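> Dumping the structure here so I can ask a few things about it.
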Amino acid sequence: MGASFLQSCPLAGFFLVALFASCFFPDPALVAGEGMTRHYKFNVVLHNVTRLCHTKSMVTVNGKWPGPRVVAREGDRLLIEVVNHVPNNISIHWHGIRQLRSGWADGPAYVTQCPIQTGQSYVYNYTIVGQRGTLWWHAHISWLRSTLYGPLIILPKHNGSYPFIKPHKEIPIIFGEWFNSDTEAIINQALKTGGGPNVSDAYTINGFPGPLYNCSAKDTYRLKVKPGKTYLLRLINAALNDELFFSIANHTLTVVEADAIYLKPFETETLLITPGQTTNVLLKTKPHYPKATFLMTARPYVTGLGTFDNSTVAGILEYEPPLKEPHQSFSIKQLPLFKPTLPPLNDTAFATNFTNKLRSLATAQFPANVPQKVDQRFFFTVGLGTNPCQGNQTCQGPNGTMFTAAVNNVSFTLPTTALLQAHYTGQSNGVYSPDFPNYPKTIFNFTGTPPNNTN
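According to mature numbering (1 follows the signal peptide of the UniProt record, and there is no 0), the stretch in the sequence shown is residues -23 to -1, 1 to 432, in order.
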């Protein structure tokens, strides 16, 4: 199957040109025989899921939430066919992948592609060059990424190794959110009224809210480990907008990677992970069976104004008990349960101290080649502002205005033609312009209290 687009996206045939080009001019990594081609198929389907005593139909990949794991090695080529069986238009973004000569596969709707229509399919075709570690994939249209997401794990090349101790086991840990209501209805209502969208009803770990929420004790993620082993936890923050603190009671974590970049290892009892970010940590278990279980919890770090989900998600770290003696009875529920202490909600000092420790490994094998000469400087401010309500409409933002996201005081309006398509065909007029400001048009205190621009 080939690509499919909304009817408002013309000139679909140029994608065939790109396809033929990729066939006759393959990626250098493939020519060098550095990797293999791996095939995946994503069937986007509706699936009923129950959490917090609420059942709803959710958009999923292959009926799984979180979605399936994509595993490859550095140098591999991925061909991932996405088939849309739901009423929504779909696109998938491969978060963090360097799309070298494969921009058509990046995934943001109306930016690098028009979305996949109902009943149609599209094959994402790209090669992993110079990357290894933990990334992730997710929907990149509207709020569908609240349920459409999963791990993208890049292993070292064959005969390659990690720059740290080889783990006994590797485990993805994905933080997400659960909404009792339909997330598409939530964001559509917010865009219509100009108010802030309703927040989630719970955070999740690998799809489970955990025992700290009502009607959720059975929906708890359990990480089972053995004493005296080292585990690699591949942490992914798939929450829509929230930075999260994370900790495991009575255990120390060693941070070794962030966003598929090896780091100078450092130890911490708590880490901070921002939305869309990945962090790999080593968990060294206790040398002997501890006769206890341990909560692993996450909750948001927030400093700005606004409504947010201030709850705590929890999973349970369980040690496998020693071999039972004959006639010996044993129950995990009888063991003491320890809970970690997370930083306060607005602990900026901790957040700053933690992020200051993130330093590239910068070895001969994994150098940090940063350009020393700056040719042009850009200054981007990303924030939430307000616009007047249109016509006689009454909006639910501050003082009857509409909330509006902006970069350098400019808001993005979705085009009907993908930006990359317009650039490729030389028909950018009316789609985009090359004069985006490299400095905010309106000057204000960029790091202080937001200005009152609602009057």
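By construction, the Cβ of each residue, glycine as well, lies at the ideal position given by its N, Cα and C atoms.
Since this is a predicted model, take the numbers as computed values, not measurements.
Taking Cβ to Cβ, would you say PRO174 is nearer than 8 Å to ALA216?
Their beta carbons are not under 8 Å apart, which means PRO174 does not touch ALA216 by this criterion.
> Does DSSP classify HIS31 as helix, strand or coil?
Three-state result, HIS31: strand.
> For LEU335, which residues from the same chain have a beta carbon less than 8 Å from its beta carbon, with the 5 sequence-adjacent residues on both sides left out?
For LEU335, where only same-chain residues beyond five positions count, the Cβ hits under 8 Å are VAL232, ALA235 and LEU240.
> Judging by CA-CA distance, which residue of GLU154, LEU248, HIS16 and THR329 is the nearest neighbour of ARG50?
Selected option, being the one with the closest Cα: HIS16.
> By how many angstroms is the C-alpha of HIS70 removed from the C-alpha of VAL88?
Distance between the alpha carbons of VAL88 and HIS70: 11 Å.
> Grouping DSSP H, G and I as helix and E and B as strand, with all else coil, what is GLN404?
Reduced to three states, the DSSP call for GLN404 is coil.
> Here's the rule: buried if 16 or more other CB atoms are within 10 angstroms of the residue's CB, otherwise exposed. What is PHE369?
Checking the sequence shown, residue 369 turns out to be Asn, not Phe. It counts as exposed.
> Pick helix, strand or coil for PRO277, following the three-state DSSP scheme.
Correct three-state label for PRO277: strand.
> I need the boundaries of the alpha helix (DSSP H) containing ALA162, first residue and last residue.
Looking at the DSSP string, the run of the alpha helix (DSSP H) that includes ALA162 is 160 to 170.
> Identify the residues that DSSP records as bridge partners of THR363: which are they?
DSSP, once it has assigned bridges, lists PHE380 as partnering THR363.
> The ligand FMN heavy atoms versus the CB of THR181: any closer than 7 Å?
What this structure holds is no ligand at all, so the ligand FMN is not there to describe.
> Quick one: what's got a C-beta closer than 6 Å to LYS203's C-beta in the same chain, skipping five residues either side?
The answer, listed in chain order, is GLU297.
> Measure from the alpha carbon of LYS169 to the alpha carbon of each residue in ILE420, THR419 and THR378, then state which is nearest.
Among ILE420, THR419 and THR378, the Cα nearest to that of LYS169 is on THR378.
> With distances taken from CA atoms, which of THR270, LEU312, ILE309 and ILE148 is nearest LEU294?
Of the listed residues, the one whose Cα sits closest to LEU294 is THR270.
> Just the Cα atoms here: how many angstroms apart are THR318 and ALA326?
So the two alpha carbons sit approximately 16 Å from each other.
> Suppose the cutoff is 7 Å on Cβ atoms and the five residues either side in sequence are ignored; what does the same chain contact list for ARG199 look like?
Correct list, in chain order: GLY292, ILE293 and GLU295.
> Since I believe THR14 is in contact with ARG54 (beta carbons under 8 Å), could you give me their beta-carbon distance rounded to a whole number of angstroms?
The Cβ separation is near 5 Å, so the contact holds.
> Counting Cβ pairs, one atom from each stretch, are 3 or more of them under 8 Å apart for the segment 91 to 107 and the segment 137 to 148?
As far as the Cβ criterion goes, the segment 91 to 107 does not touch the segment 137 to 148, which means the pair count is below three.
> So ASN20 packs on HIS72, CB below 8 Å; how close in whole Å?
With a Cβ gap of about 21 Å, ASN20 and HIS72 do not count as contacting.
> Can you give me the C-alpha to C-alpha distance between GLN94 and GLY44, rounded to a whole angstrom?
Going by the C-alpha atoms only, they are around 20 Å apart.
> Pop quiz: ASP286 and TYR180 are said to be a contact at Cβ under 8 Å. What is the actual Cβ separation, rounded to whole angstroms?
Right, their Cβ atoms sit about 7 Å apart.
> Sorted by chain position, which residues of the same chain lie with C-beta nearer than 8 Å to PRO133's C-beta, five sequence neighbours on each side aside?
These residues qualify, in order along the chain: ARG50, GLU51, ARG109 and TYR139.
> VAL279 and LEU322 look like a contact to me (Cβ under 8 Å); what is the Cβ gap, rounded to whole Å?
Confirmed, about 6 Å.
> Using DSSP bridges, identify the partner residues of TYR101.
Answer is ILE57, bridged to TYR101.
> Looking at C-alpha atoms only, which residue of ASN257, ALA237 and ILE238 is the closest neighbour of THR245?
Checking every option, the nearest Cα to that of THR245 belongs to ASN257.
> Once you ignore the five residues that flank GLY283 on each side, which residues in its own chain have a CB closer than 7 Å to its CB?
Same-chain partners within the cutoff: GLY173.
> Using the beta-carbon count (16 or more within 10 Å), is ASP412 buried or exposed?
With fewer than 16 Cβ atoms within 10 Å of its Cβ, ASP412 is classed as exposed.
> How would you call PRO313, buried or exposed, if buried means at least 16 neighbouring beta carbons within 10 angstroms?
By the neighbour-count rule (16 or more Cβ atoms within 10 Å), PRO313 is not buried but exposed.
> Is the distance from the Cβ of VAL38 to the Cβ of LEU23 below 8 Å?
Against a cut-off of 8 Å, the Cβ pair of LEU23 and VAL38 comes out as no contact.
> Taking buried to mean at least 16 other C-beta atoms within 10 Å of its own C-beta, is ASN214 buried or exposed?
When all chains shown are included, ASN214 counts as buried.
> Cα separation between LEU29 and SER193?
One C-alpha to the other measures close to 5 Å.
> Could you check which residue in ARG78, GLY171 and ILE151 has the C-alpha nearest to that of ASN364?
For ASN364, the nearest C-alpha among the options comes from GLY171.
> Is the CB-CB distance between ALA399 and VAL387 below 8 Å?
In this structure, VAL387 does not lie closer than 8 Å to ALA399 by Cβ.
> Within a Cβ cutoff of 6 Å, which residues of the same chain sit near ASP83, ignoring the five residues on either side of it in sequence?
Counting only Cβ-Cβ distances below 6 Å, and skipping sequence neighbours, we find GLN76 and THR89.
> By the DSSP assignment, the beta strand (DSSP E) with THR245 in it spans what residues?
Residues 238 to 245.
> Since PHE223 is in the beta strand (DSSP E), which residue starts that stretch and which ends it?
Note, PHE223: beta strand (DSSP E), 220 to 225.
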